[in-house]
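If you're matching positions, the sequence shown starts at 37 in our numbering and goes up one per residue.
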Amino acid sequence: MVSRGRTRERQTRLSHLPLEFHREAPGTVHACWMVSALARDAVERDRSRQHLAAAGVETRPVFHPVHTLGPHPNRIEGKTVADDITARGLNLPSWPDIDDEAFELECRAEEEFYGHV
37 MVSRGRTRER QTRLSHLPLE FHREAPGTVH ACWMVSALAR DAVERDRSRQ
87 HLAAAGVETR PVFHPVHTLG PHPNRIEGKT VADDITARGL NLPSWPDIDD
137 EAFELECRAE EEFYGHV
């Protein structure tokens, strides 16, 4: 689990980018287990992940909705909020001991991708 301070630092540092970070809902506390963000669309998300990978930053897709897996395929028709999040979402590095160098590498790579460096 990444620290709450590092999570806030990332959100502040990248707030000028068109990424939508997972926010705490009123009355809740984010566990900071995974640091998730939404790109504007699936193509942007995929290109961002490729750019980050080329820079040495590992990312992961967000989890697929249960209704698209195994015994539940196509049980829900039409596009759901979960489908939208799956298409646009990515998980950024969030290991507990992420150091300043790795953090800076990730942030710079995101800024380079979006052309803000």
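Beta carbons: idealized from backbone N, C-alpha and C, even for Gly.
- Bridge partners of L74 according to DSSP: E56, G125.
- Beta-bridge partners of R96 (DSSP): N127.
- Fewer than three Cβ pairs drawn from the stretch 93 to 100 and the stretch 41 to 55 lie within less than 8 Å of each other, which leaves the two stretches out of contact.
- In terms of Cβ geometry, P129 and E148 do not form a close pair [threshold 9 Å].
- Excluding sequence positions up to five before and after G92, its CB lies within less than 7 Å of the CB of L141, all in the same chain and listed in chain order.
- Looking only at D119, R46, H152, A145, the smallest Cα-Cα distance to A90 is reached by A145.
- Within 10 angstroms of the beta-carbon of L105 lie fewer than 16 other beta-carbons, which makes it exposed.
- For A138, the uninterrupted alpha helix (DSSP H) run begins and ends at 136 to 149, by DSSP.
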